[in-house]
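Numbering (my numbering), first residue to last: 3 to 437.
In this text, a Cβ means the ideal position worked out from N, Cα and C, and glycines have one as well.
Below: one structure, written as structure tokens.
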């Protein structure tokens, strides 16, 4: 961790140390209510900007319609793309929000907006949705990280002003134990080797604790020293949790080799890394991990979009997301788990000269479900060719408020940013009739 990275977390810790009495009371009340039930959030992140026009809001028979046909779903009156038959079979549990307006067509800025619910700011370090959910929902005694990211990490948004304790723990390849929880190769798995590793742990903890307590005498203000110490302790706590996992039986939760072949095949097989990430997400939420984000990139299809979706990301998405929803329902986790499918933005209704679609944030779709969300419907609609919102426009703030309420959180609950200012966790209102 470099100096700049560390000082950003010090600033965040300093802001958190200055809450009002009412803020503390609200937070404690929320904590008491939330920990009565283990709620989880699963985010399907589609990097590059997926084509809602070819997945969730098709316009067959029009100039913008493209090559795919609609198929019926298990939600009355709701149709989606023929490339998503597994998801269609589970749509009685899901909601297609077809009227999202974000107006941000840049990959970088769209990624920040969709992950944080806020426009990018040069002064406020907004946290990712997963980090915010983790900070509010994760029990302190959870032996696993509260926020786990699976797959591509190039643009994953971090914890912002919430600090390192809520940063995403990355699993590069689903089905393989993360590198940072593997025991050193020089150690065996016998009892003596494990005891040697535990002795190393105890020595490491001692050194880290001493550093956290004594390394900031140069800071003049007591509150700055305390904030710096808190940030250092958070850093130490993260490493302790990772270290503890190296000798814990819980580390096997990251393995999928023990799953029946039939289950692995249902998720698309071992070659479908997104599908394996979805299977891993099911295992993690069953161990009460608060947020799992599974990445599926490759959606920036400015050319050859129909063949790319038909033979690539369409089947990958369908097998992974569809079977995850199915298993969460069957295994009794659906009411405690909210799912959210989204990307940086949508794609243009107009098909370009290269057989692709370009960036489009004026009106597009996301999919949510689970928890307190009322599945089996489409919310909002677009015009006949998908160029404009027809009814029930939805902002990113409204979407986040809906997801938070689906998790049992009050969207008006306040946190303090890195400047010490109070702000609601969502800048919008829950969608009426959805939650």
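| Check | Outcome |
| --- | --- |
| On the three-state DSSP scale, how would you describe residue 136? | helix |
| Taking Cβ positions, are residue 107 and residue 363 nearer each other than 7 Å? | yes |
| If you measure between the beta carbons of residue 390 and residue 109, is that distance less than 7 Å? | no |
| Report buried or exposed for residue 424, applying the criterion of at least 16 other Cβ atoms within 10 angstroms of its Cβ. | exposed |
| Answer yes if the region 327-335 comes into contact with the region 163-176, meaning at least three C-beta pairs across the two stretches below 8 Å, and no otherwise. | no |
| So is residue 174 buried or exposed if we call it buried at 16+ other beta carbons inside 10 Å? | exposed |
| Would you decide whether residue 403 is buried or exposed? Buried here means 16 or more other CB atoms lie within 10 Å of its CB. | buried |
| So, with DSSP's three-state summary, where would you put residue 74? | strand |
| What first and last residue would you give for the beta strand (DSSP E) that runs through residue 379? | 379-381 |
| Across the region 79-98 and the region 312-320, are there enough close Cβ pairs to call them in contact, namely three or more that are closer than 8 Å? | yes |
| When we look at the beta-carbon of residue 348 and count the other beta-carbons within 10 Å, is it buried (16 or more) or exposed? | buried |
| Tell me whether the beta-carbon of residue 170 lies closer than 7 Å to the beta-carbon of residue 151. | yes |
| Leaving out five residues on either side along the sequence, give the residues of the same chain with a beta carbon under 8 Å from the beta carbon of residue 386. | 61, 64 |
| When the Cα of residue 159 is compared with those of 341, 176, 134, which residue comes out closest? | 134 |
| Consult DSSP for residue 3 and reduce its assignment to one of helix, strand or coil. | Legend: pLDDT at residue 3 = 43, less than 50; position of this residue unreliable, value from coordinates given subsequently. Note: residue 3 maps to coil in three-state DSSP. |
| Across which residues does DSSP place residue 393 in a beta bridge pair? | 383 |
| Indicate whether the contact test is met: 3 or more Cβ pairs, each with one atom in the region 136-152 and one in the region 96-103, closer than 8 Å. | no |
| Report the rounded CA-to-CA distance for residue 117 versus residue 130, giving the unit in angstroms. | 5 Å |
| Return helix, strand or coil for residue 91, following the three-state DSSP convention. | helix |
| Under a three-way DSSP split, which group does residue 375 fall into? | coil |
| On the three-state DSSP scale, how would you describe residue 30? | Low per-residue confidence applies at residue 30: pLDDT is 46, beneath 50, and the placement is therefore not dependable, though the value from the model is reported in the following sentence. Residue 30 falls in the helix class under three-state DSSP. |
| So residue 293 is in the beta strand (DSSP E); what residue range does that whole segment cover? | 293-297 |
| Skipping 5 residues on each side, what residues in its chain have a beta carbon closer than 6 Å to that of residue 57? | 83 |
| If we count Cβ pairs, one from each stretch, closer than 8 Å, do we get three or more for the region 293-301 versus the region 66-74? | no |
| Quick check on the burial criterion: 16 or more other C-beta atoms within 10 angstroms. Buried or exposed for residue 275? | buried |
| Looking at the structure shown, is residue 145 part of a helix, part of a strand, or coil, going by DSSP? | coil |
| Check for me: the beta strand (DSSP E) holding residue 97 runs from which residue to which? | 96-102 |
| Please name the residue or residues paired with residue 171 in a DSSP beta bridge. | 150 |
| Please state whether the Cβ-Cβ distance between residue 426 and residue 406 is less than 7 Å. | no |
| Using only the alpha-carbon positions, how far apart do residue 197 and residue 203 sit? | 10 Å |
| Taking the runs of the alpha helix (DSSP H) that are 4 residues or longer, which of them lie wholly in the region 232-293? | 263-268, 275-287 |
| What number of angstroms, rounded off, separates the C-alpha of residue 431 from the C-alpha of residue 43? | 19 Å |
| Are there 16 or more other CB atoms within 10 angstroms of the CB of residue 251, so buried, or fewer, so exposed? | exposed |
| So, with DSSP's three-state summary, where would you put residue 402? | helix |
| State the start and end residues of the unbroken beta strand (DSSP E) segment that holds residue 424. | 424-426 |
| What separation, rounded to the nearest whole angstrom, lies between the Cα atoms of residue 209 and residue 248? | 19 Å |
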